[in-house]
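What follows is a short report on a single structure.
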Amino acid sequence: LGESGFFTGILRDLTDTRQREAEATRLGRIFEDSLNEILIFDDETLRFKLVNRGARENLGYSVAELRNLTPVDLKPDFDEEQFRRLIQPLREGRQDKLAFETVHRRKDGSEYGVEVHLHYSPAEGEFVAVILDISERQALQSQVLESQRMEAVGQLAGGVAHDFNTLLPSIRGSAELIAGRLDPEDPSQRALRRIGQAAERGSSLTQQLLAFGRRQVTQPEALDLNRAVAQIVDLTARVIGEDVETEMQLDPDPLPIMADATLLDQVAMNLIVNAGDAMPSGGKLSIATESLTISQTDASRLEMVPGPAARLSVADTGEGMSPEVLSRAFEPFFTTKEIGKGTGLGLSTVHGIVKQSGWGVDVTTRPGEGTRFDIVIPLASAKPRKAAHSEPLEEPSGKRMTVLLVEDDRLVRELTLEVLEGAGHEVWVAETPEVALGLATERITELDVLLSDVVMPSMTGVELARRLRGARPGLPVVLISGYPRAALESRGAAESGFPLLRKPFSNRELLDELQKHVNR
Numbered sequence: 035l036g037e038s039g040f041f042t043g044i045l046r047d048l049t050d051t052r053q054r055e056a057e058a059t060r061l062g063r064i065f066e067d068s069l070n071e072i073l074i075f076d077d078e079t080l081r082f083k084l085v086n087r088g089a090r091e092n093l094g095y096s097v098a099e100l101r102n103l104t105p106v107d108l109k110p111d112f113d114e115e116q117f118r119r120l121i122q123p124l125r126e127g128r129q130d131k132l133a134f135e136t137v138h139r140r141k142d143g144s145e146y147g148v149e150v151h152l153h154y155s156p157a158e159g160e161f162v163a164v165i166l167d168i169s170e171r172q173a174l175q176s177q178v179l180e181s182q183r184m185e186a187v188g189q190l191a192g193g194v195a196h197d198f199n200t201l202l203p204s205i206r207g208s209a210e211l212i213a214g215r216l217d218p219e220d221p222s223q224r225a226l227r228r229i230g231q232a233a234e235r236g237s238s239l240t241q242q243l244l245a246f247g248r249r250q251v252t253q254p255e256a257l258d259l260n261r262a263v264a265q266i267v268d269l270t271a272r273v274i275g276e277d278v279e280t281e282m283q284l285d286p287d288p289l290p291i292m293a294d295a296t297l298l299d300q301v302a303m304n305l306i307v308n309a310g311d312a313m314p315s316g317g318k319l320s321i322a323t324e325s326l327t328i329s330q331t332d333a334s335r336l337e338m339v340p341g342p343a344a345r346l347s348v349a350d351t352g353e354g355m356s357p358e359v360l361s362r363a364f365e366p367f368f369t370t371k372e373i374g375k376g377t378g379l380g381l382s383t384v385h386g387i388v389k390q391s392g393w394g395v396d397v398t399t400r401p402g403e404g405t406r407f408d409i410v411i412p413l414a415s416a417k418p419r420k421a422a423h424s425e426p427l428e429e430p431s432g433k434r435m436t437v438l439l440v441e442d443d444r445l446v447r448e449l450t451l452e453v454l455e456g457a458g459h460e461v462w463v464a465e466t467p468e469v470a471l472g473l474a475t476e477r478i479t480e481l482d483v484l485l486s487d488v489v490m491p492s493m494t495g496v497e498l499a500r501r502l503r504g505a506r507p508g509l510p511v512v513l514i515s516g517y518p519r520a521a522l523e524s525r526g527a528a529e530s531g532f533p534l535l536r537k538p539f540s541n542r543e544l545l546d547e548l549q550k551h552v553n554r
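Here the numbering used here is used: the first residue of the sequence shown is 35, the next is one more, and so on.
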């Protein structure tokens, strides 16, 4: 300031500078707060220069630790030479960006799937990597693929089971017919009994295959899970080794569920026996029930409806399962037991019944620490039925019947004809429903019972029965089938109200079933 009284100074417009600073601050905040991992590394040394919070938290490293690392340190089984070859097209300008999926390793050694988007900035001499954690997406994809694979195997298993169900009655029934014609002391009787036993065993295996394929016909009823489990534990007590300690903790309140009692027993028994087998040197078997509420998240994972539910837990302190064994645990015929010690159908049966019934199954296991299976079943409002008092069955009257037999399978048709005629009944035989209608048209009043297969090419057994009942109301009907549940439902058999005799059946079961419905 001189005598003239003037000030001198320089004015500078900082608007652009402050805007740039604000923009840099905003971009820095976006960089730091991004949920994705963002890592910037040097194009020469490959060392990280900048990393955001998402990367630090997911990888478990501090900023100082990451600055001494390179992308190669995050990629298991990947060396620097391979990585430099990977990014070379970006450095040479032959590609603008690079996107790929790989696996990253955290500081604690755990690994997770990632999707990497890589860009190169030649002016700064650095690469920018934006990384998405895709582990959840991969888990869902894996779950879908596993579900599809199990569904395909289930369809195959169900188809095989049906074919065997068609063959087994002929094997079993023919053996019974021959045995009935021989003297009880004939040496051949022993061989015939073995044939019958083998057919029974085959029947049991086909039922397990149908269970895995979710194709059994179910009959849900109101049950108390606690009561059902207690009964099964009593039944299986003698098949569990004496050196296995069994602990049972049931919920203090009744747990009402809607379930097929036979299938529920099958699930519980398979799990308990499987747990016992997992402890050849002894251990502890824990069986528990409790009530819980299934969240929407858990319902999606378990593939069941959310809401109030009951849980049956079966845990052992045995050998446990490796991830590889666990991934195949529910496959039919897969077993870790010695040859001849198991069919490999126990857990596949559990899986099929659970999925068919709309329940959920969860497995927790670790090698050397044991395994726990949780079966989750929706609670029901209906009260469990009281145990019914068994009443003696009426003896078959032995009345001579006129039977209209309709069966398109030649082996089953010929055997059934022989069994019925051998019991003294008159049999009208038809290979197709059309032939059956022709036989019955003029003599419908003489007919005592219709015995018909369900699945036939031109007309179902249900349709045939309804047409005959139109001409003769109240005509006794017995349907027979070896087809799976879905096939019967699509043809109306499951809801028709007609009695259904499942193949394979014994000759005695066939005769008793016919007499039971004719005598009503």
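Note that CB positions come from ideal geometry on N, CA and C, so glycine has one too.
All of these numbers come straight from a predicted model, not from anything done at the bench.
Under the DSSP definition of a beta bridge, which residues are partnered with residue i?
{"i": "T399", "result": "T405"}
{"i": "Y146", "result": "H138"}
{"i": "T450", "result": "Beta-bridge pairing links T450 to no other residue."}
{"i": "T114", "result": "Here residue 114 turns out to be Glu, not Thr, going by the sequence shown. Its beta-bridge partners do not exist; DSSP assigns none."}
{"i": "A349", "result": "S320 and R406"}
{"i": "V388", "result": "BP columns for V388 are empty, so no partner."}
{"i": "W327", "result": "This sequence places Thr at residue 327; Trp is not what is there. Bridge partners of T327: P342."}
{"i": "V85", "result": "L73"}
Going by DSSP in three states, residue i sits in which element: helix, strand or coil?
{"i": "D268", "result": "helix"}
{"i": "E139", "result": "Checking the displayed sequence, the identity of residue 139 turns out to be Arg instead of Glu. Here R139 sits in strand by DSSP."}
{"i": "P430", "result": "Reliability of the predicted coordinates at P430 is poor, the pLDDT of 44 falling under 50, and the value obtained from them is presented with this limitation in mind. Coil at P430, not helix or strand."}
{"i": "V359", "result": "helix"}
{"i": "G394", "result": "strand"}
{"i": "M303", "result": "helix"}
{"i": "V552", "result": "helix"}
{"i": "I168", "result": "coil"}
{"i": "S415", "result": "coil"}
{"i": "E543", "result": "helix"}
{"i": "P290", "result": "strand"}
{"i": "P342", "result": "strand"}
{"i": "A312", "result": "coil"}
{"i": "Q231", "result": "helix"}
{"i": "R536", "result": "strand"}
{"i": "T436", "result": "strand"}
{"i": "E276", "result": "coil"}
{"i": "D443", "result": "coil"}
{"i": "L298", "result": "helix"}
{"i": "I514", "result": "strand"}
{"i": "A209", "result": "helix"}
{"i": "Q283", "result": "strand"}
{"i": "D220", "result": "coil"}
{"i": "F161", "result": "strand"}
{"i": "G374", "result": "Only weak support is given to the placement of G374: the predicted model assigns it a pLDDT of 41, under 50, and the value that follows is read from those uncertain coordinates. Of the three classes helix, strand and coil, the one that applies to G374 here is coil, per DSSP."}
{"i": "S424", "result": "Note that S424 scores a pLDDT of 32, beneath 50, so its modelled location is shaky; the value from the coordinates is reported in the next line. In the structure shown, S424 sits in coil (DSSP, three-state: anything other than H, G, I, E or B)."}
{"i": "S96", "result": "coil"}
{"i": "L257", "result": "strand"}
{"i": "L509", "result": "coil"}
{"i": "A133", "result": "strand"}
{"i": "L336", "result": "helix"}
{"i": "S155", "result": "strand"}
{"i": "F364", "result": "coil"}
My understanding is that residue i touches residue j, with C-beta atoms under 8 angstroms, so please give their C-beta distance in whole angstroms.
{"i": "A363", "j": "L381", "result": "5 angstroms"}
{"i": "P538", "j": "L513", "result": "Contact flag wrong, Cβ pair sits at about 15 angstroms."}
{"i": "V397", "j": "L360", "result": "6 angstroms"}
{"i": "I165", "j": "V178", "result": "Contact doesn't hold; Cβ gap of about 24 angstroms is too wide."}
{"i": "L103", "j": "G88", "result": "About 16 angstroms; that fails the 8 angstroms criterion."}
{"i": "L449", "j": "G230", "result": "With a Cβ gap of about 14 angstroms, L449 and G230 do not count as contacting."}
{"i": "V483", "j": "V496", "result": "That belief does not hold up - the Cβ atoms of V483 and V496 are roughly 16 angstroms apart, past 8 angstroms."}
{"i": "V348", "j": "F407", "result": "5 angstroms"}
{"i": "L319", "j": "V278", "result": "5 angstroms"}
{"i": "V137", "j": "E145", "result": "5 angstroms"}
{"i": "L485", "j": "L548", "result": "7 angstroms"}
{"i": "A163", "j": "L73", "result": "5 angstroms"}
Please list, in chain order, all residues of the same chain as residue i whose beta carbon is under 8 angstroms from its beta carbon, the five residues on each side excluded.
{"i": "V339", "result": "I328, A333, G392 and P412"}
{"i": "E99", "result": "K141"}
{"i": "L211", "result": "L449, E452, V453, G456 and N541"}
Sorted by chain position, which residues of the same chain lie with C-beta nearer than 6 angstroms to residue i's C-beta, five sequence neighbours on each side aside?
{"i": "H385", "result": "F364"}
{"i": "P426", "result": "Confidence at P426 is low in this model, with a pLDDT of 34, below 50, so its placement is unreliable and the value that follows should be read with caution. Contacts found: none."}
{"i": "K375", "result": "Residue placement at K375 is flagged as unreliable, the pLDDT there being 46, under the threshold of 50; the coordinate-derived value follows with that caveat. Answer for K375: no residue qualifies."}
{"i": "E135", "result": "E149"}
Starting from the C-beta of residue i, find all residues in its chain whose C-beta is less than 7 angstroms away, skip the five residues before and the five after it, and write them out in chain order.
{"i": "A293", "result": "P254, L257, S391 and I411"}
{"i": "D285", "result": "N260, T323, E324 and S325"}
{"i": "T351", "result": "M313, G317, K318 and G404"}
Task: 4-residue-minimum alpha helix (DSSP H) runs that sit fully inside the region 460-504, ordered along the chain - done: 467-475
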